[in-house]
Ligand code: SF4
Ligand code: SF4
Ligand code: SF4
Ligand code: FES
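Protein chains in written order, with the working numbering: chain A, 1 to 177; chain B, 1001 to 1231.
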């Protein structure tokens, strides 16, 4: 049987969603029979591959580099899934959105106001977006798994359903926070 | 007594009963947010909308009385879609970040989103910066999480009898205020009875340092009922 090609992406999030993915524990062994990981922060692969069947995305879109990677992943993936509250709502990473000029404000706060001396805003890092965005405000998303982090069981449920060609039903399963 | 049908089931309830109560007494659950048993119904959140055959309009179950021969549907796909939409609007209107909210896991809005399968919001979220008042000795209001259900206003007025709380402005700008828009600490009418924090369905009014699981037990409902029935 041909294995389903799966990738995972880590944007602006704390990696908790990836931890939760790993928390599937022995169920991962079942999954491993059906899937092949092709790109992930858990692996050492630099470029996003072609023809991916399923991509799980943790984290919100906060800078240009992330936005580009996300768009590339959308183009090369059949089924795209927002994994966790940051990806689904923006969550904590989007708290800065309440401030006007939030990109500048947050840099100033972190690198100038909080620095003891000679604070400097770095110039060689990806440019922050004006507002932090959930994934589906940037590209089309096929399925959503909210939660901070989403429980391993729910991740497993969604993946198992999709691998069986079914549509997951999130009623009573999804929970923000 | 009035005879009617709810979701195909024949029921008999006293005259002037609201549809919500008629359904509940017959073990039919209609989702609600602004309604709280014991307080005068407000009909603001529109979560309890139901269909009545013969009309293309939808009716809030909490403020619509039964009438003889009514045929009510409480759970069609259309209603479910509307309810999901309402929850999405509420989640988008102000800043709801459950993961860092005092009410996480004890919030009526969050749990309704869960029950109805609202796994994302199609509306862009407003990242609001409403005023937080933590001047009171132990009560806090974070207006960013307020869904304007007015339960707090009603309990303060109808049960505590002081009417400290009210609304200023309209629509999405509406805000719960104390006295004539004072800081809480300067309110001369507030008795610090905590009823507002008891009935708030979300994490907007809470008691500093006390887990919401303790303060939102809703035993206020029993309290209200006994007070109401006291001769
Ligand atoms: S009030 Fe409820 S829905 Fe809003 S952030 Fe808190 S837990 Fe989430
Ligand atoms: S503590 Fe009691 S009196 Fe004060 S605002 Fe709340 S309900 Fe009203
Ligand atoms: S503070 Fe709480 S109880 Fe009062 S209107 Fe807002 S959500 Fe409702
Ligand atoms: S519960 Fe009926 S309108 Fe809110």
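Quick reminder that beta carbons are idealized off the backbone N, C-alpha and C, glycines included.
Check	Outcome
Cβ atoms of residue 1202 of chain B and residue 1154 of chain B: under 7 angstroms apart, would you say?	no
Just to check my reading of the structure: residue 1006 of chain B and residue 1028 of chain B have Cβ atoms closer than 8 angstroms, yes? What is that Cβ distance to the nearest angstrom?	6 angstroms
Leaving out five residues before and five after residue 104 of chain A in sequence, what residues of the same chain have Cβ atoms less than 6 angstroms from its Cβ?	none
Comparing C-alpha positions only, which one of B:1003, B:1150 and B:1048 sits nearest to residue 1039 of chain B?	B:1150
Could you give the uninterrupted runs of the beta strand (DSSP E) lying entirely in the stretch 1007-1054 of chain B, keeping only those of 3 residues or more?	1009-1013 and 1049-1052
Quick one: give me the first and last residue of the alpha helix (DSSP H) that residue 21 of chain A is part of.	16-22
Quick check: the Cα distance between residue 1100 of chain B and residue 96 of chain A, rounded to an integer number of angstroms?	14 angstroms
Can at least three beta-carbon pairs, one atom from the stretch 1154-1165 of chain B and one from the stretch 1079-1091 of chain B, be found at a separation below 8 angstroms?	no
When every heavy atom of ligand 5 is checked, does at least one fall within less than 6 angstroms of the C-beta of residue 1140 of chain B?	You won't find ligand 5 in this model; what it holds is ligand 1, ligand 2, ligand 3 and ligand 4.
Which chain A residues sit within Cβ distance under 8 angstroms of residue 1129 of chain B?	98 and 99
Tell me, which residues are paired with residue 1003 of chain B by DSSP?	B:1012
What residue range does the alpha helix (DSSP H) around residue 1085 of chain B cover?	1077-1093
Name, going along the chain, the residues of the stretch 1105-1125 of chain B whose beta-carbon falls closer than 9 angstroms to a beta-carbon of chain A.	1105, 1107, 1110, 1111, 1113, 1114, 1115, 1116, 1117, 1118, 1119, 1120, 1121, 1122, 1124 and 1125
Taking the alpha-carbon positions, what's the residue 79 of chain A to residue 169 of chain A distance?	16 angstroms
Could you name the residues of chain B that residue 15 of chain A contacts, counting a contact when the two beta carbons are closer than 9 angstroms?	Here the premise fails: no neighbours, minimum Cβ distance about 14 angstroms.
Could you tell me whether the Cβ atoms of residue 52 of chain A and residue 5 of chain A are closer together than 7 angstroms?	yes
So does the stretch 150-161 of chain A actually touch the stretch 122-132 of chain A, counting three or more Cβ pairs closer than 8 angstroms?	no
Name the DSSP bridge partner or partners of residue 1065 of chain B?	B:1018
Note down, in chain order, every chain B residue with its Cβ under 9 angstroms from the Cβ of residue 162 of chain A.	The contacting residues do not exist; residue 162 of chain A stays about 14 angstroms from chain B at best.
Looking at chain A, is there any beta carbon in it that lies within less than 7 angstroms of the beta carbon of residue 1099 of chain B?	yes
Helix, strand or coil for residue 180 of chain A per DSSP?	Residue coverage of chain A in this structure runs from 1 to 177, which leaves residue 180 of chain A outside it and unanswerable.
Mind checking if residue 139 of chain A is an interface residue toward chain B, Cβ cutoff 7 angstroms exclusive?	no
Could you tell me whether any Cβ in chain B is nearer than 7 angstroms to the Cβ of residue 153 of chain A?	no
Mind checking the stretch 1081-1096 of chain B against chain A and listing, in chain order, the residues whose C-beta falls within less than 7 angstroms of any C-beta there?	1095
Going by beta carbon distance, what residues of the same chain come within less than 6 angstroms of residue 112 of chain A, once the five residues before and after it are set aside?	119
Is it the case that the Cβ atoms of residue 1164 of chain B and residue 1156 of chain B are separated by a distance below 7 angstroms?	yes
For residue 1070 of chain B, does the three-state DSSP call read helix, strand or coil?	coil
Looking only at C-alpha atoms, which of B:1103, B:1047 and B:1179 sits nearest to residue 1212 of chain B?	B:1103
List, in chain order, every chain B residue whose beta-carbon is nearer than 8 angstroms to that of residue 73 of chain A.	Within 8 angstroms Cβ-Cβ: nothing; residue 73 of chain A doesn't reach chain B, min ~18 angstroms.
At 9 angstroms on the CB atoms, spell out the chain B contacts of residue 175 of chain A, in chain order.	1098, 1105, 1110, 1111, 1113 and 1114
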